[in-house]
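First the structure, in the form of structure tokens, and then the observations on it.
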Amino acid sequence: MAKKPFSHAGIIRFQGQLMTYVPGQGPCYRCVFKEPPPKDAVPTCKQAGVIGAMGGVIGSLQAMEAVKYILGVGNLLTGYLLTYNALTMEFRKIKLPTNTKDCAVCGDHPTITQLIDYEQAVCDLKH
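Numbering (our numbering), first residue to last: 563 to 689.
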């Protein structure tokens with residue numbers, strides 16, 4: 563909504579994903595993920611487990627996207643979702659939908675115009 567570029571990344575167990583959004587150059591987060599998952603549909607990091615090395619791999623890729631954007635070099639992941647499976651050591655680059663006209667956030671007639679705090683489980687690492 564702020565029309566600012568950002569890189570999104572997520573990890574769980576041995577899986578990671580990454581995408582970059584640049585306003586006007588590809589689908590936004592809401593274009594790709596139309597609705598947030600139902601409450602408790604996604605396990606917390608405490609329930610599912612997060613492997614630190616996965617954070618390092620995906621975080622490094624995310625940082626590289628920021629460097630490329632700042633320097634204006636290379637090909638960003640705008641319009642793509644990059645997935646990584648650490649068990650098979652395979653990356654997959656998935657082309658994202660290009661029709662953003664009907665998006666609730668960045669489309670021609672947005673219906674989401676303010677931030678909403680969706681109720682989701684939180685990751686409480688306290689024992």
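Every residue, glycine too, gets a C-beta built ideally from N, C-alpha and C.
Endpoints, the beta strand (DSSP E) within which residue i is located
i           : result
residue 642 : 642 to 647
residue 652 : 652 to 657
Cβ-based neighbour list, residue i, same chain, cut-off 6 angstroms, excluding 5 preceding and 5 following
i           : result
residue 593 : 662 and 665
residue 655 : 642 and 644
residue 623 : 580
Spatial neighbours of residue i in its chain, beta-carbon cut-off 8 angstroms, leaving aside the 5 residues before and after
i           : result
residue 659 : 589, 593 and 594
residue 584 : 567, 631, 638 and 640
residue 648 : 576, 577, 578, 613, 615, 616 and 619
residue 689 : In this prediction, residue 689 has a pLDDT of 49, which is less than 50 and means its spatial position is unreliable; nothing more can be read from the coordinates.
Integer Cβ distance of residue i from residue j, believed to fall under 8 angstroms
i           : j           : result
residue 633 : residue 581 : Not really, about 19 angstroms apart at Cβ, beyond 8 angstroms.
residue 572 : residue 619 : With 8 angstroms as the limit, residue 572 and residue 619 do not qualify as a contact, their Cβ atoms being about 12 angstroms apart.
residue 574 : residue 610 : 5 angstroms
Proximity below 9 angstroms, CB of residue i to CB of residue j
i           : j           : result
residue 563 : residue 667 : yes
Unbroken alpha helix (DSSP H) run spanning residue i, endpoints
i           : result
residue 591 : 591 to 594
For residue i, three-class secondary structure by DSSP
i           : result
residue 577 : strand
residue 689 : Only weak support exists for where residue 689 lies, its pLDDT of 49 falling under 50; the value from the coordinates is given anyway. It is coil, neither helix nor strand.
residue 604 : coil
residue 612 : strand
residue 583 : strand
residue 571 : strand
residue 630 : helix
Neighbour flag for residue i against chain D, beta carbons, 9 angstroms
i           : result
residue 619 : Included in the structure is just one protein chain, with no chain D present.
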